[in-house]
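Taken in order, the sequence shown gives residues 11 to 110; the numbers are from this note's numbering.
The structure appears below as structure tokens.
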Amino acid sequence: RVDVVRWVLITAIAVQMHTRIVDELELGDLTADVKWLVDWDRFRIRCLTTKREFQDLDRHVRSLATTEAVWEERTMDEDLKSILREYQEADGPPDGDLIE
Numbered sequence: 011r012v013d014v015v016r017w018v019l020i021t022a023i024a025v026q027m028h029t030r031i032v033d034e035l036e037l038g039d040l041t042a043d044v045k046w047l048v049d050w051d052r053f054r055i056r057c058l059t060t061k062r063e064f065q066d067l068d069r070h071v072r073s074l075a076t077t078e079a080v081w082e083e084r085t086m087d088e089d090l091k092s093i094l095r096e097y098q099e100a101d102g103p104p105d106g107d108l109i110e
């Protein structure tokens, strides 16, 4: 059951991210604000997936959205980047309480 709920949430976030990307790419390119929101969606998906699952999904998103160079731009706040780095290095979603 947990996996079903997890993948339903991932699908909902992915649909939201998809609509953001499609709306922007119809106009030509991703703006910095929309890229930040897409990065936030990617971060939310990373919190729900294992490292391998996220790598597979992220590779697909990067290949569809635009050139690879856009993803290397640093537009996220430092705090969010450090949190994202922790999740990228982890093997999966955290266990137990997030509040210590």
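Glycine included, C-beta positions come from ideal geometry on N, C-alpha and C.
Worksheet item: Going by other Cβ atoms of all chains shown within 10 Å of its Cβ, with 16 needed for buried, is E34 buried or exposed?
Response: By one-based count along the sequence shown, residue 34 stands at place 24. By the neighbour-count rule (16 or more Cβ atoms within 10 Å), E34 is buried.
Worksheet entry | Proximity below 8 Å, CB of M27 to CB of V48 | To locate residue 27, count along the sequence shown from 1; it is residue 17. To locate residue 48, count along the sequence shown from 1; it is residue 38. With a cutoff of 8 Å on beta-carbon distance, M27 and V48 are scored as near each other.
Worksheet item: Could one say the Cβ of F64 lies closer than 8 Å to chain D's Cβ atoms, at least one of them?
Response: You won't find chain D in this structure, because it holds only one protein chain.
Discussion item. Is the separation between the beta-carbon of R54 and that of V71 shorter than 8 Å?
Written reply: As a first step, residue 54 is located in the sequence shown; it is residue number 44 there, counting from the start. As a first step, residue 71 is located in the sequence shown; it is residue number 61 there, counting from the start. Note that the C-beta distance between R54 and V71 is not below 8 Å.
Worksheet item: My guess is that R16 and L58 are in contact by the Cβ rule of under 8 Å, so how many angstroms apart are they, rounded?
Response: Here residue 16 is taken as the residue at index 6 of the sequence shown, counted from 1. Here residue 58 is taken as the residue at index 48 of the sequence shown, counted from 1. With a Cβ gap of about 5 Å, R16 and L58 count as contacting.
Item to complete: Look at the alpha carbon of T29 and the alpha carbon of V14, and state the distance between them as a whole number of angstroms.
Response: Locating residue 29 in the sequence shown gives position 19, counting from the first residue. Locating residue 14 in the sequence shown gives position 4, counting from the first residue. Distance between T29 and V14, taken at the CA atoms: about 23 Å.
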